[in-house]
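Structure first, then comments.
Residue numbers (our numbering): 31 to 183.
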């Protein structure tokens, strides 16, 4: 039963059309931004934060302000509401996974290993499916712990 719920929740991950603003990773990376520029705390925390409207407006208060998607962004900023981004990656609670970005960052596992080649991603969507097989394959490759308690609680 738990396995079925986990599979269903993976299938229900947010798609590009579920996002409130069309965001192109490809375009931002081409301009020189790196993952940590927007997804701060991936190197030190449990999760890579989703950028706040304030962070986006640091650039977009003056850049591309006439574009429709930037106008949507500005409307969130004016209303003092955060952008309701839909999480694309994550594990369902019934999987009992305690994933933390920071150990992977310290081990110099590049973001693309788990998230795919974002240099070509024109929308925020899941490029790589996460399951126990993909995680174990990587743990074996990097000689990381395969003890269940290392990732599950």
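Where a beta carbon is used, it is the ideal one built from N, C-alpha and C, also for glycine.
Inclusion of residue 54 and residue 152 in the CB contact set at 7 Å is warranted, their separation being smaller than that value.
The Cβ atoms of residue 78 and residue 131 lie closer than 7 Å to each other. Separation of residue 102 and residue 91 (C-alpha to C-alpha, rounded to the nearest whole angstrom) is 12 Å.
The Cβ neighbour count for residue 178, taken over all protein chains shown within 10 Å, is under 16; the residue is labelled exposed.
When secondary structure is reduced to three states using DSSP, residue 55 falls in the helix class. For the set 154, 158, 149, 133, the Cα lying nearest the Cα of residue 143 is the one of 158.
Taking 7 Å as the cut-off, the beta carbon of residue 52 is found no closer than this to the beta carbon of residue 112. According to DSSP, residue pairing for residue 127 in a beta bridge involves 182. According to the DSSP assignment, residue 102 belongs to the alpha helix (DSSP H) that extends over 98-109.
Boundaries of the alpha helix (DSSP H) harbouring residue 164: 162-171, taken from the DSSP string. By alpha-carbon distance to residue 68, the top candidate from 141, 164, 171 is 141. The Cβ atoms of residue 65 and residue 127 do not sit closer than 7 Å to each other.
Taking residue 123 as reference, the option from 49, 183, 61 with the minimal CA-CA separation is 183.
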